[in-house]
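Take a look at the structure set out below.
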Amino acid sequence: MKISDLLDSTNVIPDLAAGSKEEAITTLVNTLSARLDDETVAAAKKAVMERESIMSTGVGKGLAIPHGKCRLLTETYAAFGRLQEPIAYNAIDGEPVTILFLLVGPESQNSVHIKMLSRISRLLNSSAFREKLLESDDARNIIELFQAEEEHFVRI
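For what it's worth, the working numbering labels the leading residue of the sequence shown as 372, then goes sequentially.
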């Protein structure tokens with residue numbers, strides 16, 4: 372499974388307006404409402420926020436990878452947001468966050484979830500790739516950037 376396979380124009384927000392971590396996460400989770408019923412979207416948001424309360428998913432370098440597992444989900448979903456303005460996120464380096472990549476999946480697929488988180492982290496660790504994402508203001512282009520960057524990785 373490729374990260375780019377999880378992205379489309381409905382769940383990529385190149386100009387995310389959010390003033391807080393919770394608002395940003397809520398907006399990203401809500402993009403999944405085109406594919407999921409309201410109960411599942413609410414459960415996914417709860418799972419992500421519970422995970423966030425354990426430890427911040429702000430991984431540094433202006434990035435956050437909010438994620439969670441939910442029993443109501445039957446497959447993995449993702450959303451991407453580039454914030455209009457950086458927000459405080461309690462990241463490990465203390466810096467504000469500009470790029471968020473949300474990942475939610477079923478409780479029963481722990482190994483897939485971990486592999487996907489690892490892939491996202493490796494992709495976003497590239498400063499050149501992050502710069503391209505920050506410069507892009509178009510959802511389709513962002514998806515194409517992920518597709519091109521993923522060509523360097525083995526499929527999971």
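Don't be surprised by glycine CBs; every beta carbon is placed ideally from N, CA and C.
In angstroms with no decimal places, state the Cα-to-Cα distance between Pro437 and Pro467.
-> Against the sequence shown, residue 437 aligns to sequence position 66. Against the sequence shown, residue 467 aligns to sequence position 96. So the two alpha carbons sit approximately 14 Å from each other.
Minimum C-alpha distance to Ser391 - residue among Ala450, Gly429, Val383 and Asp408 | Position 20 of the sequence shown, counting from 1, holds the residue named residue 391. Checked all of Ala450, Gly429, Val383 and Asp408; the closest Cα to Ser391 is Gly429.
Would you kindly check if the distance between the Cβ of Arg493 and the Cβ of Lys432 is under 8 Å?
-> Along the sequence shown, read from residue 1 onward, the residue named residue 432 stands at position 61. Along the sequence shown, read from residue 1 onward, the residue named residue 493 stands at position 122. No, the pair does not count as a contact, with Cβ atoms beyond the cut-off.
Check Arg542 in the structure and name its three-state DSSP category.
-> Lying before the first or after the last residue shown, residue 542 is absent from the chain, which here runs from 372 to 527.
What is the DSSP secondary structure of His530, counted as helix, strand or coil?
-> The structure shown does not extend to residue 530, since the chain is modelled only from 372 to 527, so the question has no answer here.
Under the three-state DSSP convention, the category Ala450 falls into = In the sequence shown, counting from the first residue as 1, residue 450 sits at position 79. Note: Ala450 maps to strand in three-state DSSP.
Within 10 angstroms of its Cβ, does Lys417 collect 16 or more other Cβ (buried), or is it exposed?
-> The residue labelled residue 417 in the question sits at position 46 within the sequence shown. The residue is exposed, with fewer than 16 neighbouring Cβ atoms inside 10 Å.
Whose CA, out of Ala450, Ala499, Ala459 and Ile396, lies closest to the CA of Leu378?
-> Mapped onto the sequence shown, residue 378 falls at position 7. Ala450 is the residue among Ala450, Ala499, Ala459 and Ile396 whose C-alpha sits nearest the C-alpha of Leu378.
4-residue-minimum alpha helix (DSSP H) runs that sit fully inside the segment 391-438, ordered along the chain | With a minimum length of 4 residues, the continuous alpha helix (DSSP H) runs that stay inside the segment 391-438 are 392-401 and 409-425.
Where Glu522 falls: helix, strand or coil (DSSP) | On the sequence shown, position 151 is the one that residue 522 refers to. Collapsing the DSSP output to three states places Glu522 in coil.
When the Cα atoms are used, what is the spatial distance from Ile463 to Leu387?
-> Within the sequence shown, numbered from 1, the residue matching residue 463 stands at position 92. Within the sequence shown, numbered from 1, the residue matching residue 387 stands at position 16. Taking the straight line from one Cα to the other gives about 22 Å.
Within 10 angstroms of the Cβ of Lys486, are there 16 or more other Cβ atoms? Answer buried if so, exposed if not.
-> Residue 486 sits at position 115 when you count from the first residue of the sequence shown. Taking all protein chains in view, the Cβ of Lys486 is surrounded by fewer than 16 other Cβ atoms within 10 Å, so the residue is classified as exposed.
Report, in whole angstroms, the separation of the C-beta atoms of Ala510 and Ser380, which I expect to be a contact under 8 Å.
-> Here residue 510 corresponds to residue number 139 of the sequence shown, with the count starting at 1. Here residue 380 corresponds to residue number 9 of the sequence shown, with the count starting at 1. Confirmed, Cβ separation roughly 5 Å.
Look at Ile384 and Thr402 and say whether their C-beta atoms are less than 8 Å apart.
-> Taking the first residue of the sequence shown as position 1, residue 384 is located at position 13. Taking the first residue of the sequence shown as position 1, residue 402 is located at position 31. Yes, Cβ-Cβ distance for Ile384 and Thr402 is below 8 Å.
Tell me whether Ile513 sits in a helix, a strand or coil according to DSSP, three-state version.
-> Looking up residue 513 in the sequence shown gives position 142. Of the three classes helix, strand and coil, the one that applies to Ile513 here is helix, per DSSP.
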